[in-house]
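**Student:** Protein chains in written order, with the working numbering: chain A, 902 to 1129; chain B, 902 to 1129. By construction, the Cβ of each residue, glycine as well, lies at the ideal position given by its N, Cα and C atoms. Computed from a predicted structure; not experimentally measured.
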DNA sequence: CACAAACATTTTATATACAATTTCATCGAT
DNA sequence: ATCGATGAAATTGTATATAAAATGTTTGTG
């Protein structure tokens, strides 16, 4: 929706992305205090963009800001990550269910054709192209819900998760599995079976999450204990 | 869930709420330019809190900010509103489905008891108390998903929608219907029938939305045309 | 008269300065 | 010695100032 193409990025955006990466990668640990001054200093800016970045991260749930007491990195344990992936899976399932019920014939055809075209990418082992096809595929589903708000929110969630998916992304093997899972989804959609499409989508997303979890365990071996 | 109790509210918070109200009420029309200076002036503050408020509103989807071109009030037509209510309904449905599958016996009992206790409020016609019971009821369901992220996001969405619900809130008749709908949901939950609970929840929320739409039509009679 | 380039104006983005609140440590009293 | 109060340091919230874009207007040229 908004054009975030090449409008040379805002400083707050750069800081936000950078911090999001680090939190996703685990190099910024849960509970770490992030005071504005220090963040600003680290990125060579003034406090203003640093502050804005922290506020935005708070909206994504990556940090917690308490009204006059600064920001700390949010919990972000394995359980937390699993929760986020489940949310993501459920939202996508919801989308594909609605899409199945409301899709117009043209949209159905276009989605099917997208999938068919992606076969060549899988064969060629072109991970990068498949990755951007994958985004387009899911966006096509969002759009087919014919609910703009849901569509926007789903995309926003997907973007929030982007940092966490990066790790998992894409051994060629996973790519082939992804393609297969897409096929199952598409078939259910064409059949008009929304519930089955949703189920298949949930499976699809949870498989992707599984790949991540395997990856994450290695660096999270010394997780600290919840304080609540 | 951060403590937002009585920490005298931040200026940006006050501005945010005020603008959110006005957008929800329709007194700020779609497409209206909101430049920071002017907003700041209106609230007697500097540009800084005004700017932050606008950014937060953007995250809620109430305004759109384009990177160096300021903020405008988002579309917010009847269709848009319906979309938001549908999103809300689907999220709550999702929550109650998960909750049904994962709830612990104690949680089940507590939820049932909450519902039973609310009967007296309905009888007494105590709209205000019922309204806060209603929030607690839905929060109990979020919590029973045993997924913190989903729980937080669901609550956040509910808060975002609060301004739009205010209008609809509660002729005593609606309260009685709400109570009945809760009963149906609870029964499905206790039976362990997640899909039925989800269906009932969707209906519950969409009924509430219906009440709003009726209300909204009166003031939205001269909506402008989409530009997309 | 149409169109484009240069300039002026307006508005956002960032930096810095100031005020208010919280945090932490020191001090004193019980 | 423990607990609470007082005050200093640090940090956030807010205001203002400066820099950099974007928008709109004017002017000059084809």
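Assuming residue 1101/A and residue 1085/A form a contact by the criterion Cβ under 8 Å, report the distance between their Cβ atoms to the nearest whole angstrom.
**Tutor:** Position 200 of the first chain, counted from the start, is the residue given in the question as residue 1101/A. Position 184 of the first chain, counted from the start, is the residue given in the question as residue 1085/A. Right, their Cβ atoms sit about 5 Å apart.
**Student:** Identify the contact partners of residue 1050/B in chain A, using a Cβ-Cβ distance below 8 Å as the criterion.
**Tutor:** On the second chain, position 149 is the one that residue 1050/B refers to. Simply 962, 981, 984, 985, 987, 988.
**Student:** Name the chain A residues that come within less than 8 Å of residue 1040/B, Cβ to Cβ?
**Tutor:** Taking the first residue of the second chain as position 1, residue 1040/B is located at position 139. Taking a Cβ-Cβ cut-off of 8 Å, residue 1040/B has no neighbours in chain A, whose nearest Cβ is about 17 Å from it.
**Student:** Using 8 Å as the limit for Cβ to Cβ distance, is residue 943/B near chain A?
**Tutor:** The residue you call residue 943/B lines up with position 42 of the second chain. No, no contact with chain A.
**Student:** Hey, could you find the ends of the beta strand (DSSP E) residue 952/B is sitting in?
**Tutor:** Taking the first residue of the second chain as position 1, residue 952/B is located at position 51. Premise fails: residue 952/B lies in the alpha helix (DSSP H), 948-960, not in any beta strand (DSSP E).
**Student:** Whole angstroms are fine: how far does the CA of residue 1032/A sit from the CA of residue 1056/B?
**Tutor:** Stepping through the second chain from its first residue, residue 1056/B is reached at position 155. Stepping through the first chain from its first residue, residue 1032/A is reached at position 131. One C-alpha to the other measures close to 32 Å.
**Student:** Strictly below 8 Å CB to CB, what residues from chain A border residue 956/B?
**Tutor:** Translated into positions along the second chain, residue 956/B becomes position 55. Chain A residues near residue 956/B: 953, 956, 957.
**Student:** Residues bridged to residue 934/B by DSSP?
**Tutor:** Position 33 of the second chain, counted from the first residue, corresponds to residue 934/B. Paired residue(s): 973/B.
**Student:** Classify residue 1010/B: buried if its beta carbon has 16 or more other beta carbons within 10 angstroms, exposed otherwise.
**Tutor:** For the purposes of this step, residue 1010/B is identified with residue 109 of the second chain, where counting begins at 1. Counting of Cβ neighbours within 10 angstroms places residue 1010/B among the exposed residues, the total staying below 16.
**Student:** Consider the Cβ of residue 934/B: report whether some Cβ of chain A lies at a distance smaller than 8 Å.
**Tutor:** Walking along the second chain from the start, residue 934/B turns up at place 33. No, residue 934/B does not count as interfacial toward chain A.
**Student:** Could you give the DSSP three-state label for residue 967/B: helix, strand or coil?
**Tutor:** Residue 967/B sits at position 66 when you count from the first residue of the second chain. Three-state result, residue 967/B: strand.
**Student:** Between which two residues does the alpha helix (DSSP H) carrying residue 1046/B extend?
**Tutor:** Within the second chain, residue 1046/B is the residue found at index 145, counting from 1. For residue 1046/B, no alpha helix (DSSP H) encloses it, and the DSSP letter there is neither H nor E.
**Student:** Strictly under 8 Å for the Cβ-Cβ distance: is residue 1054/B near chain A by that measure?
**Tutor:** The count along the second chain starts at 1 and reaches residue 1054/B at position 153. Yes, its Cβ sits closer than 8 Å to a Cβ of chain A.
**Student:** When you compare the region 961-973 of chain A with the region 1088-1106 of chain A, are there three or more beta-carbon pairs, one atom per stretch, that lie closer than 8 Å?
**Tutor:** With fewer than three CB-CB distances shorter than 8 Å, the region 961-973 of chain A does not count as touching the region 1088-1106 of chain A.
**Student:** Spell out whether any CB of chain B is found under 8 Å from the CB atom of residue 1008/A.
**Tutor:** Locating residue 1008/A in the first chain gives position 107, counting from the first residue. With 8 Å as the cut-off, residue 1008/A does not count as an interface residue toward chain B.
**Student:** Please report the residue range of the alpha helix (DSSP H) in which residue 993/A lies.
**Tutor:** On the first chain, position 92 is the one that residue 993/A refers to. Run containing residue 993/A: 979-1003, per the alpha helix (DSSP H) assignment.
**Student:** Can you tell me which of the three DSSP states residue 1094/B falls into?
**Tutor:** For the purposes of this step, residue 1094/B is identified with residue 193 of the second chain, where counting begins at 1. Here residue 1094/B sits in coil by DSSP.
**Student:** Identify each residue in the region 991-1020 of chain B for which the Cβ-Cβ distance to at least one residue of chain A is less than 7 Å, and report them in chain order.
**Tutor:** 991, 995
**Student:** Can you pull the chain A neighbours of residue 950/B, defined as C-beta to C-beta under 9 Å?
**Tutor:** Here residue 950/B is taken as the residue at index 49 of the second chain, counted from 1. Going along chain A, no residue has its Cβ under 9 Å from residue 950/B, so there is no contact; the nearest lies around 12 Å.
**Student:** Should residue 920/B and residue 958/B be called a contact, given that it needs their Cβ atoms to be closer than 8 Å?
**Tutor:** Looking up residue 920/B in the second chain gives position 19. Looking up residue 958/B in the second chain gives position 57. Yes, Cβ-Cβ distance for residue 920/B and residue 958/B is below 8 Å.
**Student:** Determine the DSSP secondary structure at residue 1006/A, reduced to helix, strand or coil.
**Tutor:** The residue you call residue 1006/A lines up with position 105 of the first chain. Three-state DSSP puts residue 1006/A in a helix.
**Student:** If the criterion is Cβ atoms closer than 8 Å, does the pair residue 933/A and residue 912/A meet it?
**Tutor:** One-based indexing of the first chain puts residue 933/A at position 32. One-based indexing of the first chain puts residue 912/A at position 11. Going by C-beta atoms, residue 933/A is not nearer than 8 Å to residue 912/A.
**Student:** How would you list, in chain order, the residues of chain A whose beta-carbon sits under 9 Å from the beta-carbon of residue 920/B?
**Tutor:** Counting from one through the second chain, the residue named residue 920/B turns up at place 19. Near residue 920/B there are no residues of chain A at all, since even the closest Cβ is about 16 Å away, more than 9 Å.
**Student:** Residues of chain B with CB closer than 9 Å to the CB of residue 911/A, please, in chain order.
**Tutor:** In the first chain, the residue the question calls residue 911/A occupies position 10. Going along chain B in sequence order, the residues near residue 911/A (Cβ under 9 Å) are 968, 969.
**Student:** Return the CA-CA distance between residue 1027/B and residue 1036/B, expressed in angstroms with no decimal places.
**Tutor:** As a first step, residue 1027/B must be located in the second chain, where it is residue number 126. As a first step, residue 1036/B must be located in the second chain, where it is residue number 135. Annotation: residue 1027/B to residue 1036/B spans about 15 Å, alpha carbon to alpha carbon.
**Student:** Are residue 1048/A and residue 1078/A closer than 8 Å when you measure CB to CB?
**Tutor:** As a working note, residue 1048/A is residue 147 in the first chain. As a working note, residue 1078/A is residue 177 in the first chain. Between residue 1048/A and residue 1078/A, the C-beta gap is not smaller than 8 Å, which leaves the two residues out of contact.
**Student:** On a CA-only basis, which of 917/B, 952/B, 1059/B is nearest residue 989/B? Give me that one, please.
**Tutor:** Locating residue 989/B in the second chain gives position 88, counting from the first residue. Selected option, being the one with the closest Cα: 1059/B.
**Student:** Drop a sphere of 10 angstroms on the beta-carbon of residue 1066/A, count the other beta-carbons inside from all chains shown, and report buried for 16 or more, exposed for fewer.
**Tutor:** Position 165 of the first chain, counted from the start, is the residue given in the question as residue 1066/A. Buried, since its Cβ has 16 or more Cβ neighbours within 10 Å.
**Student:** Just the C-alpha distance for residue 1021/B and residue 1034/B, rounded to the nearest angstrom, thanks.
**Tutor:** The residue given as residue 1021/B occupies position 120 in the second chain. The residue given as residue 1034/B occupies position 133 in the second chain. Computed Cα separation, rounded: 11 Å.
**Student:** Should residue 904/B be labelled buried (16 or more other beta-carbon atoms within 10 Å of its own) or exposed?
**Tutor:** As a position in the second chain, residue 904/B is number 3, starting the count at 1. Bear in mind that the predicted position of residue 904/B carries a pLDDT of just 32, short of 50, making it unreliable; the figure below should be weighed with that in mind. Answer is exposed; the Cβ neighbour count stays below 16.
**Student:** For residue 923/A, which residues in the same chain have their Cβ closer than 8 Å to its Cβ, ignoring the five residues on either side in sequence?
**Tutor:** Sequence index remark: in the first chain, residue 923/A carries index 22 (1-based). So the list reads 929, once near-sequence residues are dropped.
**Student:** With C-beta atoms as the reference, is residue 1080/A less than 8 Å away from residue 1019/A?
**Tutor:** Position 179 of the first chain, counted from the start, is the residue given in the question as residue 1080/A. Position 118 of the first chain, counted from the start, is the residue given in the question as residue 1019/A. In this structure, residue 1019/A lies closer than 8 Å to residue 1080/A by Cβ.
**Student:** What did DSSP end up calling residue 1072/B once you bin it into helix, strand or coil?
**Tutor:** Taking the second chain and counting its residues from 1, one reaches residue 1072/B at position 171. Reduced to three states, the DSSP call for residue 1072/B is coil.
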